[in-house]
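Asks: Residue numbers (full-length UniProt numbering): 1 to 1047.
Next up, the structure:
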């Protein structure tokens, strides 16, 4: 039905002349009038008339206070129709009065716009969201069935492994029985032969005693000395089976992991198509700076009232308020002009210096003294744009030196540390163009952690996600832009919208976070816009390169404007999205057999063994075959019983995982049902609003129409996007070694022979050696002590044990190496010879301190505070260092252009070995300036933590690649970010992870456990004392924590 009422005009006729379809109506006389009869009707002075368009019939009322007067005005404050007399009364004095007809027409225009928006745009979106719920529930159920099947299958595999272990133990037992029976039979045969020989000798002697033949008597040779040596006594230690206490945690590791369901409300903002032309932006204020024409480039907001600025050919960075007053200024250290600037949430100013290849930090306390310190030196890379992220990281886009190779990349820094590189897409193609000097690139982070780069040479905005995966590129809007798109400054607002300055077209482009063009800001007389920033109120600051002015522009409506607007430019649309990951395929590559661990024998055991030998000589006896058979049956029974216990434990864990899966599914269904209920309620309210709007459009009651409050702004904020990560079951290769540790140990049969009296000797029969039993971890690692050092935040890096009571430490940008005792007292300090900060430190087996000096390219020893250069490098820089069990030095070195990395072995100052490539001629270690740390394991493996590669790389003693460890993927939520590395007495490798945890792996690279319960803050350096206590240098807190983590 047409809500205006025009549907009835064809059935009406003028009450005066019978003309069909009269367009006018007299609200007083209640008659229809054609246009020609209006004047005739109004000429009748016997009564008042109020002729209105037929669409507004019924809008005229007589005043209830002055019945002879017509209400011609509407009071906004009182929400009533009033006459002329009422308007002049005290009751409506100073009230906002409007013409009734204008009020109705204006309000109905708003009503019509709201109705169209609700029917054509908002309601269909809600209906689309509601229609997806049934499919999502079906997907959830199907996904859960797949997980249950995968869990059952992996449980069966574990059961098979346990059965295999039982068979192997029984097979080992039979093999030992067979060997022992062979020993018994051999000795029995030897004794029988000896007895036969003795009897024969007795008979021969008796015959000689009865004879007087001098020749026979003279030829006699006694064998008593031979027979006096009795056969050796066999000291037999029969096998014994010792079932281990079953530890659920290890079985869980074997059974794989069931990731938890996570539900989060995503702040992503999706936009609907903007209805109609954009609203006009407006200039709030202009700030005239001291930069000349074509000089001003960068602008960054401190707050809503102050901005930093920078320009080309000007070494000064200036701070202005909104009144254009110069508040402060800073001169760059190098006296070069800054390429870009950014103000961080922590209150620091950073600027890039392309010529000096540095990113420089100016702290809040340094403004008055103008003390500026270099934060990051980039070597062969030239920094361009810089921005600060929501996490406090820095994102820097940089170009390489052209004479090396033409590359551009984005690097993420946390303090001094490089955390991430973004350079290529999934097809290994460059994401960004190489521009050298002629073109700039600027960078910003969006609300959803996307990284947005304006690539001026490529004429595009390139957007990748937080992990560096390409999302989209925007190259302008061809129907609007007159000249080629020339993006420079870039920023984002609280709605996730991307704003980029178009230098050639004198405008600013606004995109949504998915790259959809929304509108231009092209009505503010912009002149070559360059730098951009957005304050907390979503107000835009534009640095004009031509005029040297900064314009503050309002481009988003305030709340009052949004409420009265007939249409919105963008709407929040956040539909539910389920992320249903596919099951990860099980790694099918068979791992090589692990080296058997050798059990250390305690000195005390050797003493006890000597006493036991004496006891055995007194009570030795031959073990019978019956004893052996009885013992074997007992062991087989014990093995079967413990195997049954393990089977039951696995079945219990599988059932627990299934129950947990059911619980998570219930939670997920509850989330879906809650969201579905909210959407259903919203649809019901929207339907009711549509019906109410239609009634109001049919009505001309000014009080009802004027009282209308639009809810479109409320309805346009669609339900939040629930990003639901369904649980995943990740089956992995079963670690037989860990499983055997849970199963128990079968001590091996040992057979020793004891010769009587002075002829006693002990011989070991050639039987297989048992696998070593590693010292286990305690359930909850604990902090023994904390040592507060003199290094500031993000300074402390390395720690090395001088003894169990003292540790050496060093930090970034600090030339002093300090020795502390475990009570936290400073014992001594040593200053480096070059007065540069040491890169890394180590203590040799003889107790000497050694350190590397990257800037000076030297390795140095410290003895009695006397420093000696023992190694001087050319073309290479020493990074990290460790001392080996043979007193060699292992040094990680990088080439001067940061393109190569290698490990060098030195004996004194003599080079013994170079480790750089694998068997295929590929580099073992990544290039780059980030630190790498090195240590030697007990099996003489060389272990390197490679920060840039996010991996630990292990080679054997001769430099042959063994394995690399890239983190525990089923648990780690962030990329593995290794720092310090060390090993303990059980050959376990411990690695500091910048993600506030310690990884522990065995010497074969198998993950064992984390230390993540001790509130670590950016762990960096590691070392182990002789008691396997762990020392961790916390880079953030400047403390060293001592941990106890093993039994």
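Even for Gly, the Cβ is constructed at its ideal location relative to N, Cα and C. Small disclaimer: the values here were computed from a predicted structure and weren't measured.
1) Measure the alpha-carbon distance for residue 115 versus residue 505 and round it to whole angstroms.
2) Residue 1018 and residue 994 - do their beta-carbons sit closer together than 8 Å?
3) Look at the alpha carbon of residue 805 and the alpha carbon of residue 921, and state the distance between them as a whole number of angstroms.
4) Leaving out five residues before and five after residue 840 in sequence, what residues of the same chain have Cβ atoms less than 6 Å from its Cβ?
5) Assign residue 832 to one of three DSSP states: helix, strand, or coil.
6) Would you call residue 149 buried or exposed, if buried means 16 or more other Cβ atoms sit within 10 Å of its Cβ?
7) Measure the C-alpha to C-alpha separation of residue 413 and residue 517 and round it to an integer number of angstroms.
8) Count the other C-beta atoms from every protein chain shown that fall within 10 angstroms of the C-beta of residue 937, then say buried if there are 16 or more, exposed otherwise.
9) Tell me which same chain residues have a C-beta within less than 6 Å of the C-beta of residue 334, skipping the five on either side of it?
10) In angstroms, rounded to a whole number, what distance separates the CA positions of residue 681 and residue 107?
11) Pull up the distance between the alpha-carbon of residue 214 and that of residue 193, whole angstroms please.
12) For residue 342 and residue 361, I'd like the C-alpha separation in whole angstroms.
13) Check whether the Cβ atoms of residue 960 and residue 945 lie closer than 8 Å to each other.
14) Once DSSP output is grouped into helix, strand and coil, what is the label at residue 857?
15) Taking Cβ to Cβ, would you say residue 830 is nearer than 8 Å to residue 820?
16) Would you report the Cα separation of residue 290 and residue 477, rounded to the nearest angstrom?
17) Please classify residue 199 as buried or exposed, where buried requires at least 16 neighbouring CB atoms within 10 angstroms.
18) Looking at the structure shown, is residue 48 part of a helix, part of a strand, or coil, going by DSSP?
19) Among residues of its own chain, excluding the 5 on either side of residue 443, which ones have a beta-carbon nearer than 6 Å to its beta-carbon?
20) In the DSSP assignment, find the alpha helix (DSSP H) that holds residue 180 and state where it starts and stops.
21) If you compare alpha carbons, which of 929, 1003, 846 is closest to residue 956?
22) Measuring only the C-alpha atoms, how far is residue 527 from residue 547?
23) Between residue 493 and residue 535, what straight-line distance do the alpha-carbon atoms span, to the nearest angstrom?
24) Is it buried or exposed for residue 64, if we count other Cβ within 10 angstroms and need 16 for buried?
25) For residue 693, does the three-state DSSP call read helix, strand or coil?
26) Taking the DSSP output, what are the residues bridged to residue 73?
27) For residue 1044 and chain D, any beta-carbon pair shorter than 8 Å?
28) On a Cα-Cα basis, can you pick out the residue from 917, 929, 802 that is closest to residue 953?
29) Under 8 Å by Cβ, that's how I've got residue 777 and residue 1045 pegged, so tell me the actual separation to the nearest angstrom.
30) Where do the ends of the alpha helix (DSSP H) carrying residue 216 lie?
31) Can you give the Cα-Cα distance for residue 202 and residue 635, rounded to whole angstroms?
32) Tell me the start and end of each unbroken beta strand (DSSP E) in the segment 443-528 that is at least 3 residues and wholly inside, in chain order.
33) What's the call for residue 1021, buried or exposed, on a 16-neighbour Cβ count within 10 Å?
34) Sorted by chain position, which residues of the same chain lie with C-beta nearer than 8 Å to residue 544's C-beta, five sequence neighbours on each side aside?
35) Would you please state the rounded distance, in angstroms, between the beta carbons of residue 947 and residue 977? I believe it to be under 8 Å.
36) Using CA atoms only, rank isn't needed, just tell me which of 344, 299, 317 is closest to residue 331.
Replies: With the structure as the only source:
1) Your numbering for residue 115 matches position 115 in the chain shown. Your numbering for residue 505 matches position 505 in the chain shown. Roughly 37 Å separates the two Cα atoms.
2) Taking the chain shown and counting its residues from 1, the one referred to as residue 994 is at position 994. Taking the chain shown and counting its residues from 1, the one referred to as residue 1018 is at position 1018. Yes, they are a contact pair.
3) Translated into the one-based positions of the chain shown, residue 805 becomes position 805. Translated into the one-based positions of the chain shown, residue 921 becomes position 921. C-alpha separation (whole angstroms): 44 Å.
4) Within the chain shown, numbered from 1, the residue matching residue 840 stands at position 840. The residues are 798, 852, 880, 881.
5) Sequence index remark: in the chain shown, residue 832 carries index 832 (1-based). Residue state, collapsed to three classes: coil.
6) Start at 1 with the first residue of the chain shown, and residue 149 comes out as number 149. When all chains shown are included, residue 149 counts as exposed.
7) Taking the chain shown and counting its residues from 1, one reaches residue 413 at position 413. Taking the chain shown and counting its residues from 1, one reaches residue 517 at position 517. Straight-line Cα distance between these residues: approximately 31 Å.
8) The residue given as residue 937 occupies position 937 in the chain shown. Buried: at least 16 other Cβ atoms inside 10 Å.
9) Within the chain shown, the letter at position 334 stands for residue 334. So the list reads 353, 356, once near-sequence residues are dropped.
10) As a first step, residue 681 must be located in the chain shown, where it is residue number 681. As a first step, residue 107 must be located in the chain shown, where it is residue number 107. C-alpha separation (whole angstroms): 27 Å.
11) The sequence position of residue 214 within the chain shown is 214, counting from 1. The sequence position of residue 193 within the chain shown is 193, counting from 1. Approximately 30 Å, taken between the alpha carbons.
12) Indexing the chain shown from 1 puts residue 342 at position 342. Indexing the chain shown from 1 puts residue 361 at position 361. Roughly 10 Å separates the two Cα atoms.
13) By one-based count along the chain shown, residue 960 stands at place 960. By one-based count along the chain shown, residue 945 stands at place 945. Cβ atoms of residue 960 and residue 945: not closer than 8 Å.
14) Indexing the chain shown from 1 puts residue 857 at position 857. Coil at residue 857, not helix or strand.
15) Position 830 of the chain shown, counting from 1, holds the residue named residue 830. Position 820 of the chain shown, counting from 1, holds the residue named residue 820. Taking 8 Å as the Cβ cut-off, residue 830 and residue 820 do not qualify as a contacting pair.
16) Residue 290 sits at position 290 when you count from the first residue of the chain shown. Residue 477 sits at position 477 when you count from the first residue of the chain shown. Spanning the two alpha carbons is a distance of roughly 34 Å.
17) As a first step, residue 199 must be located in the chain shown, where it is residue number 199. The residue is exposed, with fewer than 16 neighbouring Cβ atoms inside 10 Å.
18) What you label residue 48 is simply residue 48 of the chain shown in a count that begins at 1. Coil at residue 48, not helix or strand.
19) On the chain shown, residue 443 is found 443 positions in, with the first residue counted as 1. Around residue 443: 385, 387, 395, 397, 453.
20) In the chain shown, the residue the question calls residue 180 occupies position 180. Residue 180 -> alpha helix (DSSP H) spans 133-209.
21) If you number the chain shown from 1, residue 956 lands on position 956. When only C-alpha atoms are compared, the closest one is 1003.
22) Here residue 527 refers to the residue found at position 527 of the chain shown. Here residue 547 refers to the residue found at position 547 of the chain shown. Distance between the alpha carbons of residue 527 and residue 547 is about 7 Å.
23) On the chain shown, position 493 is the one that residue 493 refers to. On the chain shown, position 535 is the one that residue 535 refers to. Spanning the two alpha carbons is a distance of roughly 8 Å.
24) Counting from 1 along the chain shown, the entry for residue 64 is found at position 64. Exposed: under 16 other Cβ atoms inside 10 Å.
25) In the chain shown, residue 693 corresponds to position 693, counting from 1. If DSSP states are grouped into helix, strand and coil, residue 693 belongs with the helices.
26) Counting from 1 along the chain shown, the entry for residue 73 is found at position 73. Partner(s): 82, 99.
27) Looking for chain D here will not work: only one protein chain is present.
28) The residue labelled residue 953 in the question sits at position 953 within the chain shown. Nearest option by C-alpha distance: 917.
29) As a working note, residue 777 is residue 777 in the chain shown. As a working note, residue 1045 is residue 1045 in the chain shown. Confirmed, about 6 Å.
30) For the purposes of this step, residue 216 is identified with residue 216 of the chain shown, where counting begins at 1. Unbroken alpha helix (DSSP H) run through residue 216: 214-219.
31) Here the question's residue 202 lines up with position 202 in the chain shown. Here the question's residue 635 lines up with position 635 in the chain shown. Near 46 Å, if we compare the C-alpha coordinates of residue 635 and residue 202.
32) 451-455, 460-464, 470-474, 487-492, 498-502, 507-511, 517-521
33) Stepping through the chain shown from its first residue, residue 1021 is reached at position 1021. Answer is buried; the Cβ neighbour count reaches 16.
34) Position 544 of the chain shown, counted from the start, is the residue given in the question as residue 544. Correct list, in chain order: 296, 526, 527, 528, 529, 530, 550, 551.
35) What you label residue 947 is simply residue 947 of the chain shown in a count that begins at 1. What you label residue 977 is simply residue 977 of the chain shown in a count that begins at 1. With a Cβ gap of about 7 Å, residue 947 and residue 977 count as contacting.
36) The residue labelled residue 331 in the question sits at position 331 within the chain shown. Considering only alpha carbons, the answer is 317.
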